[in-house]
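If you count by the numbering used here, then the sequence shown holds residues 181 to 391, one letter each, in order.
C-beta: ideal position from N, C-alpha, C; glycine also.
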Amino acid sequence: MVADLAATALIVVDMQNDFCSPDGWLASIGVDVTPARAPIPVIADPLPPLRAAGVPVVWLNWGNRPDRANLPPGVLHVYDPDGTGGGIGAPLPGGAGRVLERGSPSAAIVAGLETADEDLHVPKYRMSGFQDAELDSVLRNLRVDTLLFAGVNADQCVLATLMDAANLGYDVLMVEDAVATTSPPYCMDATLYNVPPGRAGFSAGAAPKYS
Numbered sequence: 181m182v183a184d185l186a187a188t189a190l191i192v193v194d195m196q197n198d199f200c201s202p203d204g205w206l207a208s209i210g211v212d213v214t215p216a217r218a219p220i221p222v223i224a225d226p227l228p229p230l231r232a233a234g235v236p237v238v239w240l241n242w243g244n245r246p247d248r249a250n251l252p253p254g255v256l257h258v259y260d261p262d263g264t265g266g267g268i269g270a271p272l273p274g275g276a277g278r279v280l281e282r283g284s285p286s287a288a289i290v291a292g293l294e295t296a297d298e299d300l301h302v303p304k305y306r307m308s309g310f311q312d313a314e315l316d317s318v319l320r321n322l323r324v325d326t327l328l329f330a331g332v333n334a335d336q337c338v339l340a341t342l343m344d345a346a347n348l349g350y351d352v353l354m355v356e357d358a359v360a361t362t363s364p365p366y367c368m369d370a371t372l373y374n375v376p377p378g379r380a381g382f383s384a385g386a387a388p389k390y391s
């Protein structure tokens, strides 16, 4: 597959401290975030040439309202089913912020990834960045029809957003070497099995290569 870069955007999903930093939320509840850190240099390297080619970079991060008023119970309590704490909006140890809260240090983009003034930042509130969010409107206004996906977790938020994008009529490509997951390896295997027509890779310091 060959994509027209003039009609392409890069969607970077959830590369934020809560998911990727040793001081973030997942690490605080005992998750090994080492795999989630692997895409950092892979994503960072092609950002300058992609921007130079006019490809919009969209940072799609969990960034909930502080009052969490738009979250249904199934999302609000998914990691806090008994209401004892540790879920969305809970304070993290050491003043690292509140879990997945917009404006919190914990929800900031992880160190090692640099944004540019022309990049776009779109908050999300579900595994899919299209639900209850403005992502589709932003992409339509950019006049793009092909989306490259990078970030974490490949089998969860990346896949959910990619599937919704495909259902909305976008051409989608998962950048295989720029996604990762803290889930067991078979989850990644299943994800890659389900999206082989849309897999791509980043060439070092260059635009994506497609297969």
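What residue range is occupied by the uninterrupted alpha helix (DSSP H) comprising residue i?
| i | result |
| --- | --- |
| V318 | L315 to L322 |
| N197 | N197 to C200 |
| S286 | Premise fails: S286 is in no alpha helix (DSSP H) and is neither H nor E. |
| S208 | W205 to S208 |
| T264 | Careful: T264 lies outside any alpha helix (DSSP H) and carries neither H nor E. |
| R217 | T214 to R217 |
| L256 | P253 to L256 |
| A186 | Where A186 is concerned, there is no enclosing alpha helix (DSSP H), given that its DSSP letter is neither H nor E. |
Distance check for residue j and residue i, CA to CA, integer angstroms please.
| i | j | result |
| --- | --- | --- |
| Q196 | Y350 | 25 Å |
| V237 | I223 | 11 Å |
| P202 | A233 | 34 Å |
| A186 | S284 | 34 Å |
| S391 | V352 | Reliability of the predicted coordinates at S391 is poor, the pLDDT of 44 falling under 50, and the value obtained from them is presented with this limitation in mind. When rounded, the distance between both Cα atoms is 12 Å. |
| P252 | Q311 | 12 Å |
| V302 | L315 | 6 Å |
| R306 | L293 | 23 Å |
| I191 | R282 | 18 Å |
| A183 | A189 | 10 Å |
| F199 | L206 | 6 Å |
| G277 | A291 | 16 Å |
| A334 | P376 | 13 Å |
| P273 | T341 | 30 Å |
| G254 | A313 | 17 Å |
| I268 | T326 | 32 Å |
| G243 | L256 | 13 Å |
| V235 | T371 | 25 Å |
| T264 | K304 | 24 Å |
| I209 | P261 | 14 Å |
| S286 | V279 | 6 Å |
| V324 | E298 | 16 Å |
| Y373 | Y366 | 10 Å |
| A270 | Q336 | 21 Å |
| D247 | A296 | 29 Å |
| G266 | G204 | 12 Å |
| P215 | D369 | 14 Å |
Which stretch, first to last residue, makes up the beta strand (DSSP E) that contains residue i?
| i | result |
| --- | --- |
| T362 | Looking at the DSSP string, T362 is not in any beta strand (DSSP E), and its letter there is neither H nor E. |
Can you check DSSP and say which residues form a bridge with residue i?
| i | result |
| --- | --- |
| F329 | I191 and M354 |
| P303 | N241 |
| R379 | M354 |
| R231 | In the DSSP output, where bridge partners are listed per residue, R231 has none listed. |
| R278 | P271 |
Suppose contacts are defined by Cβ-Cβ distances below 9 Å. Is residue i in contact with residue j by that definition?
| i | j | result |
| --- | --- | --- |
| G309 | L240 | yes |
| V355 | V332 | no |
| F382 | P226 | yes |
| L219 | D357 | Contrary to the premise, residue 219 reads as Pro rather than Leu in this sequence. Yes, Cβ-Cβ distance for P219 and D357 is below 9 Å. |
Since residue i contacts residue j with CB under 8 Å, what's their CB separation in whole angstroms?
| i | j | result |
| --- | --- | --- |
| D194 | T362 | Contact flag wrong, Cβ pair sits at about 11 Å. |
| V318 | L339 | The Cβ separation is near 20 Å, so there is no contact. |
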